[in-house]
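What follows is a short report on a single structure.
Next comes the structure, spelled out in structure tokens:
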């Protein structure tokens, strides 16, 4: 939970944006004494393996918890991809966009799950609202269930773009 809160925090996102803004001011001809490309590739590949593992589990059991794990892995990979996009090229930007779409879709599904549980709890605490909260909770649960059927479409979009070699070649001059 603490990591999720960090990744979602405006402060973290501001730091990433400021670093990216700073990086964009540097001349493109600057050479680092350390070649960061292998590190970037390793970070992307590690994130990719975790995401694929979570997706495989969610395909077998599309529980709310499994889908939330896919969302967290997609979000982490998105941040890693964004951090190294200037090194890895335009394909990384596209991958980050698709990961963002996937994690937003799953985030909305998770919001429906949380809302359904919250309405149930309100009905338990306030019995006079039980009929209404039961109906609303059921509707939220149906919305979440409807999204269960479509998440793999967004995953396939990510999977189709990513390949084990997409980041292995040296970017052409100017990218």
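In our numbering, the protein residues as written are 20 to 194. A virtual CB, placed ideally from N, CA and C, is assigned to each residue, including glycine. All values reported here derive from a predicted model rather than from experimental measurement.
Between the options, which lies nearest to residue i when the distance is taken from Cα to Cα?
i	options	result
residue 166	139, 130, 138	130
residue 25	117, 95, 106	95
residue 64	40, 79, 97, 158	97
residue 135	33, 161, 67, 59	161
residue 88	169, 154, 121	121
residue 57	107, 33, 30, 35	107
residue 70	82, 40, 86	86
residue 114	28, 29, 41, 176	176
residue 32	43, 101, 169	101
residue 80	180, 171, 179, 178	171
residue 39	27, 84, 105	105
residue 84	132, 143, 158	132
residue 126	140, 90, 42	90
residue 157	169, 54, 142, 146	142
Determine the extent of the alpha helix (DSSP H) in which residue i is found, giving its start and end residues.
i	result
residue 116	109-144
residue 66	56-79
residue 176	170-180
residue 156	149-167
residue 28	Element bounds for residue 28: n/a, residue is neither H nor E.
Rounded C-beta distance between residue i and residue j? I'm assuming under 8 Å.
i	j	result
residue 152	residue 173	That pair is no contact at about 31 Å.
residue 103	residue 111	6 Å
residue 163	residue 128	5 Å
residue 62	residue 99	5 Å
residue 73	residue 92	5 Å
residue 68	residue 117	Between residue 117 and residue 68 the Cβ distance is about 17 Å, and since that is not below 8 Å, they are no contact.
Fully enclosed by the region 83-109, which alpha helix (DSSP H) runs are 4 residues long or longer?
-> 83-107
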